[in-house]
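As structure tokens, the structure follows; a few thoughts come after it.
Residue numbers (our numbering): -3 to 626.
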């Protein structure tokens, strides 16, 4: 158990390091291409264009890393403060590209501003929020920039120089191939990006400044060891493993997705010897022939490797030779393992599940081997999605969150607009009409379609499935969208915005009435009313149990002045696409401040008996009391 927690902690830390670099790989490649093309030894030497090289590596790349690291901790605000602090380490150590420095001060600055924001939360007088936010970011960011200039920058510069000296020593002693003993098994444990982008990339870029290329960029990115394993399975494998190996080899070699070969190794752990020796032989070839890259190759595709190889015939030969040798050695050893081992019909499905358990989340390439079945022991995040992300999805998320909590499960439940569904969502729940859009957005997630967000049987089925597996550990501080408290959650439920005994001929008439109330109350601009009609034309906002929650489109959020509600009782009902609606909750949501009361409404409306009582309420006070009672 303790080892498992350590592994998870190491993976999370490694993923965090790589997450600062991975989103910015395009910028690294752009810098590498400009370097390869326009420096004096490039394909098309151009002194003017070559002047881009220095500023990009000195300023642009570290600032991007610092911003991304800060944004991971505290969103946009953290990214801005992280960038300010990163400027301090850049100027404080101008002779060293501050990639490691940015990876330190970016998240640190964001963490401090996040702690400050938490400390003053709820203590700022209305109307002074922007003033406090802007000046606190400026003061904290400026102070950290000075600290980084005076201390962190020089310290990181010294540490980087020590690392470079260590790598040079390994090269001089001929020991660099031994790094494969660590790198290749670590890839199977999903520390590949952490090693490649968290450690090797910053040191490699330092070497590029002096030598024009670095062998470190190919220590992890060399596709040869994995390709050798896949080729061996194509010839000597059995069952699904043999059938899928050819497709996997194309994805691996040309697409650069190395994790696609991990299940093959996990089926026969002796194949670790193949990838280790393949990796060592590839590194030895690189060192012997003088290979290397001018920038990180990510993903580790032969196409990306070719693109960032310096324009030198011998370097091209060295890099290709290293890939060929690594492939050949890995293939030969893999063939021996497969031919001499126990001949069984390898279970790719089980191997892929094992890989995903080690990874701690669903693999982006698991669909190559397995069906899109729900793996309940890997679920960390469930996302409800609708068009705007503030109405039906919020109510559905509230209901399921309550069920998840009652079941004692540690699973995050949140809601968002379809256009903003996070890539790491394992389960996505949408209305039936919206499911195709959600599948296009996150094709690797498990998708659930519902026709009634308030009382869908799918919720209970999902809870039963989750309970049958083992939920992943997740600290309370890491969860989003926790069950909202009732404290002050009815401030937006004003009696003047509640109407009883209303009658409407059409749903459009009802929606326009609700929109007019929101406009009159100062919650939205007039354009929001038309957006409510437009939203209804996309998919009905009928939720089930005689309840509808009309609201604007995602684009109409800019027309929302502040969050607000209107409640309209229609005892005789009004038709919403063939569904009789007797309670209408008109919604305007801004910055999530409406979600607490919306959650309460979702809970009370999930039971038809509660809805019936609200429909039968004789006065505004009685209706409001029924809503507040939950």
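Glycine included, C-beta positions come from ideal geometry on N, C-alpha and C.
I'd like to confirm the pairing. Which residues does DSSP put opposite residue i in its beta bridges?
i           : result
residue 562 : 582
residue 377 : 408
residue 424 : 379 and 443
residue 571 : 576
residue 556 : 520
residue 210 : 289
residue 494 : 563
Compute the distance between the beta-carbons of residue i and residue j, then report whether it is under 8 Å.
i           : j           : result
residue 136 : residue 108 : yes
residue 493 : residue 517 : yes
residue 426 : residue 419 : no
residue 145 : residue 87  : yes
residue 303 : residue 224 : no
residue 545 : residue 504 : no
residue 311 : residue 286 : yes
residue 272 : residue 177 : yes
residue 254 : residue 222 : yes
residue 102 : residue 66  : yes
residue 217 : residue 296 : yes
residue 584 : residue 556 : yes
residue 602 : residue 458 : no
residue 106 : residue 78  : yes
residue 579 : residue 534 : no
residue 51  : residue 89  : no
residue 562 : residue 538 : no
residue 56  : residue 30  : no
residue 279 : residue 167 : no
residue 213 : residue 292 : yes
residue 244 : residue 256 : yes
residue 600 : residue 581 : no
residue 61  : residue 100 : no
residue 215 : residue 175 : yes
Roughly how many angstroms lie between the CA atoms of residue i and residue j, to the nearest whole one?
i           : j           : result
residue 482 : residue 141 : Legend: pLDDT at residue 482 = 40, less than 50; position of this residue unreliable, value from coordinates given subsequently. Taking the straight line from one Cα to the other gives about 41 Å.
residue 290 : residue 209 : 4 Å
residue 138 : residue 407 : 38 Å
residue 326 : residue 306 : 27 Å
residue 624 : residue 417 : 31 Å
residue 73  : residue 113 : 10 Å
residue 211 : residue 156 : 17 Å
residue 650 : residue 334 : Residue numbering for the chain in the displayed model covers -3 to 626; residue 650 lies beyond these limits and cannot be assessed.
residue 261 : residue 267 : 5 Å
residue 524 : residue 43  : 54 Å
residue 615 : residue 499 : 15 Å
residue 508 : residue 514 : 10 Å
residue 200 : residue 421 : 33 Å
residue 566 : residue 502 : 12 Å
residue 414 : residue 162 : 48 Å
residue 313 : residue 283 : 12 Å
residue 570 : residue 461 : 37 Å
residue 111 : residue 198 : 29 Å
residue 485 : residue 526 : Since pLDDT at residue 485 reaches only 42, below the 50 mark, its modelled position is unreliable, and no value is offered.
residue 64  : residue 18  : 10 Å
residue 68  : residue 242 : 37 Å
residue 559 : residue 125 : 17 Å
residue 377 : residue 432 : 20 Å
residue 331 : residue 540 : 59 Å
Can you find a CB in chain B that lies within less than 8 Å of the CB of residue i?
i           : result
residue 330 : In summary, chain B is missing from the structure at hand, where a single protein chain is found.
On a Cα-Cα basis, can you pick out the residue from the options that is closest to residue i?
i           : options               : result
residue 553 : 573, 568, 269 and 531 : 531
residue 606 : 86, 551 and 543       : 543
residue 489 : 521, 617 and 556      : 617
residue 58  : 34, 16 and 47         : 16
residue 437 : 412, 170, 569 and 567 : 412
residue 248 : 201, 319 and 197      : 319
residue 205 : 172, 265 and 93       : 93
residue 133 : 71, 184 and 48        : 71
residue 496 : 612, 445 and 527      : 612
residue 22  : 300, 379 and 158      : 300
residue 170 : 60, 281, 250 and 220  : 281
residue 424 : 430, 441 and 432      : 441
residue 24  : 40, 38 and 95         : 95
residue 336 : 316, 379, 294 and 264 : 264
residue 446 : 393, 41 and 183       : 393
Quick one: is the Cβ of residue i within less than 7 Å of any heavy atom of the ligand FMN?
i           : result
residue 613 : For the structure depicted, the ligand FMN is absent and the ligand set is empty, with no information on it obtainable.
Output the residue ranges of the alpha helix (DSSP H) runs that lie fully inside the stretch 223 to 304 and measure 4 residues or longer, sorted by chain position. As summarised for the stretch 223 to 304, the continuous alpha helix (DSSP H) elements at least 4 residues long and confined to that stretch are 235 to 246, 258 to 263, 267 to 285 and 298 to 303, given in chain order.
Can you check the stretch 497 to 547 for any alpha helix (DSSP H) of at least 4 residues that lies completely inside it and give the ranges in chain order? The stretch 497 to 547 contains these whole alpha helix (DSSP H) runs: 503 to 516 and 523 to 534.
Please list the segments of the alpha helix (DSSP H) lying wholly inside the stretch 305 to 341, counting only runs of 4 or more residues, in order along the chain. With a minimum length of 4 residues, the continuous alpha helix (DSSP H) runs that stay inside the stretch 305 to 341 are 309 to 336.
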